[in-house]
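Sequential numbering of the sequence shown, starting at 3, is according to this note's numbering.
In this text, a Cβ means the ideal position worked out from N, Cα and C, and glycines have one as well.
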Amino acid sequence: MLLSTVSIAALMLATGAPQEASPLAQNAALDEPVVLADVVLLGRRDPMDPGVAARARTEAQETPGAVAVVAREQYVDHLVMHLGDALHSVPGVYAEKRWGEEVRLSIRGSGVGNASHNRGVVLAQDGVPFNQADGFGDFQEIDLLSARYIEVFKGGNAIRFGGATMGGAIQLNTPTGYDAPDRNEVRLEAGSFDTWRAHGEIARQWGDTDLWAGASVLGAEGWRDHSAQASRRLSLNAGHRFGEGREIRVLLSAADIENEIPGALSLSQALENPTAAAAANVARDYRRDMTSLRGSVQIRWRLDEAWSFEGGVYGAIKDLDHPISVVIDQHSRNTGAFGRFDWAGKLGGLNADLFVGAWLRSGELDSRTFQNNAGDRGALTGDNTQRATAVDAFAEGRLFVTRRLALVAGGSRGRATRDYVDHANPARDAAKDFDWFAPRIGLLWEDDGGRQLFANVTRSVEPPHFSALVQTPYPDFVPVEAQEAWTVEVGARGRKGPLSWDMTLYRMAVENELLTFLAAPDIPAATFNAGDTIHQGVEAGLDWVVWRDGERRLKLHQTYAWTDLRFDGDPHYGDGRLPVVPEHHYHAELSYSAGRWSIAPSVQWTPKDSWVDYANTLKSPGHAIWSLNATLTVVPGIKLFLDARNLTDERYVANASAITDARVASTAVFWPGEGRSAFVGLRSSF
């Protein structure tokens with residue numbers, strides 16, 4: 003058997019086997035190719051962490067910062083409807099449901115001023131962003147059942163995606179015919195709130211050609227009034243290999259999605275009558291319906307022993323029908339290209355490696371708005387075209403000053419354009435460009451057991467999107483600037499015996515944070531730049547295999563996040579806290595598996611109330627939500643699962659939208675958490 007040293011290191015990390023040399027240095031460069039005799043690695047691979055995810059984690063941890071990889075196996079035996087269902091095991095990722103697949107997503111306080119949608123985190127699948135070219139994005143197109151594993155790169159650690167946003171990047175990776183868990187899978191689910199879903203997928207190989215394809219159909223009435231949803235999704239990944247390290251892939255996905263929007267409530271309504279919908283949402287039939295088609299052609303090519311390349315081109319189109327206070331009709335077209343060269347060798351006699359690349363994005367969105375007549379279109383009230391481009395050139399290199407210690411440096415150079423054409427009122431046409439450089443430097447140390455210490459200093463820059471620039475009744479682009487931040491981050495990760503850990507401390511000094519304010523003489527629009535703000539916190543995860551005997555195992559998984567977000571001498575709010583994201587958040591799951599069956603109670607605990615307004619006068623109450631998951635392998639290849647949630651039927655607020663001052667602003671901003679529910683599923687793999 004011929005194995006690279008990198009593969010041996012990754013397998014040893016996954017199985018806990020001892021290592022003779024630092025895998026950090028091994029990953030950088032090899033003096034000579036080594037041919038090994040057949041190797042038998044003793045140890046039991048964690049079924050929740052397959053080899054494809056372990057290899058992705060090894061690669062991700064080559065950067066000196068907070069990263070995570072979540073394998074599909076970690077959430078496949080649950081009802082996964084939105085990002086929060088899959089990423090609750092990642093410390094520091096706050097993803098709580100609003101409605102349907104819509105979540106409040108924040109990493110390190112990103113996007114706290116956003117009342118809806120996604121801002122501050124790059125969401126992508128196989129390098130193709132779900133975000134529009136201006137950075138604004140949806141969650142509805144994300145299909146967690148079409149992911150083999152999910153990568154999370156927090157903050158500036160997302161530089162390999164060309165991003166320099168405060169929150170970083172989350173990428174789903176589609177299965178291939180080679181790494182899919184099974185050749186065939188059929189999945190049926192049903193449960194509370196008239197929820198049902200059917201999913202099927204196939205994986206095939208024909209010599210050097212492979213194919214993975216999946217399809218899902220979903221329907222649900224929803225726990226709250228006016229919260230029904232339905233979707234139909236298709237995904238395909240076909241590839242051909244031209245020898246070791248060389249392949250080309252074609253990826254396609256299509257979706258038809260319908261969602262009713264129940265709306266936010268006052269605090270008393272959310273706790274006393276949480277299943278009710280906001281009256282205006284029912285009267286005007288608030289919905290978010292869309293169809294989308296995404297496709298890309300990608301290549302990975304080993305050029306020689308030192309150099310490799312990966313890149314691709316993509317296109318995405320989306321039609322949106324969105325009745326809210328008005329009816330929004332949008333048609334968007336996004337295209338892009340990305341490429342990255344990777345090198346490993348010697349520099350001044352020292353081991354070194356480097357990646358350098360670029361990401362180009364272009365988008366055009368035609369938007370019309372109409373009066374909302376009970377959900378139907380009335381008179382035309384707006385007609386505009388939004389064009390955005392973005393170019394990021396990025397690089398990061400590591401120099402191994404010792405066998406264990408690497409000095410890491412890099413950065414991204416970016417340029418973004420915003421061009422707004424108002425067809426109804428040409429006097430409102432506007433355009434603006436943004437340019438920036440975001441450097442980073444760090445240290446990464448790793449011992450012979452794969453345990454790491456890291457530190458970095460990173461700058462992030464986030465130009466405003468169209469929703470911030472175009473605000474009625476302001477006649478031109480609102481004079482908002484790009485949001486900027488410097489982040490200092492230190493952390494440790496690794497495993498020893500039954501314990502594995504991942505801990506990061508960060509402090510971020512933010513300038514021009516994009517937040518929502520009350521209009522005033524010095525603040526001409528609702529979304530505007532704040533003064534200085536501070537984001538700091540701790541992200542910690544600890545796994546402990548308490549006991550193991552053959553196939554029986556008792557494991558405790560825990561994550562904790564301390565998130566301290568505050569103004570720093572703001573003229574309006576002083577040193578008050580920023581709202582929405584809870585200061586403390588804890589998640590724990592105790593799982594017992596015994597071969598054919600498993601049971602896992604869990605708790606999600608927010609011990610303190612969270613501020614809702616910048617003036618710090620109104621809070622969202624803390625809560626503890628208990629849940630239970632259980633699985634049973636009926637026969638090999640057929641598994642049943644139970645996902646029971648909120649066992650105590652707690653009435654709680656899942657999340658809220660930020661407001662300026664609860665004493666003068668509307669407080670109907672609370673999204674109730676779902677009541678007690680249970681879902682059962684059957685998976686057949688063959």
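For residue i, the nearest candidate out of the options (CA to CA)
i    : options                : result
F569 : S600, P523, M510       : M510
V614 : L580, A205, A626, R598 : L580
F343 : S595, L356, T197, A70  : L356
R59  : M50, V71, D51          : V71
W564 : D577, I525, Y508, T535 : Y508
A395 : A339, L349, I443       : A339
A272 : V671, S686, G683, R685 : V671
D87  : G111, G576, I152       : I152
P428 : G384, A418, R400       : G384
D212 : G241, L556, S233, Q134 : G241
E143 : L190, P93, D291, E491  : D291
H201 : S229, K348, R235       : R235
W607 : G350, L567, T561       : T561
E2   : S600, A590, D534       : Only positions 3 to 688 of the chain appear in the structure, and residue 2 is not among them; the question remains open.
W345 : L592, F311, P609       : F311
With 16 other Cβ atoms within 10 Å as the buried cut-off, status of residue i
i    : result
R226 : buried
T633 : buried
D128 : buried
W208 : exposed
D378 : exposed
S462 : buried
L501 : exposed
K320 : buried
V41  : Caution applies to V41, whose pLDDT of 41 falls short of 50 and renders its modelled position unreliable; the model cannot decide the point.
Q231 : buried
Y575 : buried
A376 : exposed
L147 : buried
Q373 : exposed
T404 : exposed
W673 : buried
S194 : buried
E246 : exposed
A381 : exposed
Y616 : buried
A522 : exposed
V92  : buried
Cβ-based neighbour list, residue i, same chain, cut-off 6 angstroms, excluding 5 preceding and 5 following
i    : result
G675 : Y654, A656
S668 : none
A126 : Q173
G155 : Correcting the residue identity first, residue 155 is Phe in this sequence and not Gly. Here the set comprises V69, G170, A171.
Y316 : V130, S298, G338
A433 : D421
S687 : D184, E187, G639
R555 : S595
V393 : L362, R417
G139 : N120, L125, F132, N133
H589 : H90, T561, Q606
T391 : S364, T419
R199 : E191, L220
Proximal residues to residue i (C-beta, below 8 angstroms), its chain only, five neighbours per side dropped
i    : result
Q473 : V480, A527, A528, T529
R289 : E260, N261, E262, I263, D323, H324, P325, G377
G313 : Q300, I301, A339, F340, G341, R342, G359
Cβ neighbours of residue i in the same chain (closer than 7 angstroms, five flanking residues each side left out)
i    : result
A23  : Low local confidence applies: a pLDDT of 41 at A23 is under 50, so the model's placement there is unreliable, and no value is given.
T197 : A222, F681
E75  : P49, M50, P52
Inset, instruction - Determine, using beta-carbon pairs with one atom in the region 95-106 and one in the region 545-558, whether at least three such pairs fall under 8 angstroms. - result: Judged by Cβ distances under 8 angstroms, the region 95-106 makes no contact with the region 545-558, as fewer than three pairs qualify.
Legend entry - the region 295-308 touching the region 252-271, judged by at least three CB pairs closer than 8 angstroms: Enough Cβ pairs lie closer than 8 angstroms, so yes.
Legend entry - Stretch pair the region 170-178 + the region 656-672: three plus CB contacts closer than 8 angstroms: With fewer than three CB-CB distances shorter than 8 angstroms, the region 170-178 does not count as touching the region 656-672.
Inset, instruction - Could you say if the region 258-276 and the region 304-319 meet the contact criterion of at least three C-beta pairs nearer than 8 angstroms? - result: No, they do not touch.
Inset, instruction - For the region 157-167 and the region 429-442, state whether three or more C-beta atom pairs, one from each stretch, are separated by less than 8 angstroms. - result: As far as the Cβ criterion goes, the region 157-167 touches the region 429-442, which means the pair count is three or higher.
Inset, instruction - May I have a chain-ordered list of the beta strand (DSSP E) segments no shorter than 3 residues that lie completely inside the region 595-623? - result: If we require 3 residues or more, the beta strand (DSSP E) runs fully inside the region 595-623 come out as 599-608.
Legend entry - Three CB pairs or more closer than 8 angstroms across the region 112-123 and the region 510-525: These segments touch.
Legend entry - 4-residue-minimum alpha helix (DSSP H) runs that sit fully inside the region 488-537, ordered along the chain: Counting only runs of 4 or more residues that sit fully inside the region 488-537, no alpha helix (DSSP H) segment turns up.
Inset, instruction - Give a yes or no on contact between the region 326-337 and the region 355-373, applying the rule of three or more CB pairs nearer than 8 angstroms. - result: Output reads yes: the region 355-373 touches the region 326-337.
Inset, instruction - Kindly provide the ranges of any alpha helix (DSSP H) runs that are 4 or more residues long and lie completely inside the region 262-291, ordered along the chain. - result: List check, alpha helix (DSSP H) in window: 269-274, 281-285.
Inset, instruction - With a floor of 3 residues, list each beta strand (DSSP E) that falls wholly inside the region 120-150, ordered by position along the chain. - result: Counting whole runs of 3 or more residues, the region 120-150 contains the beta strand (DSSP E) stretches 123-127.
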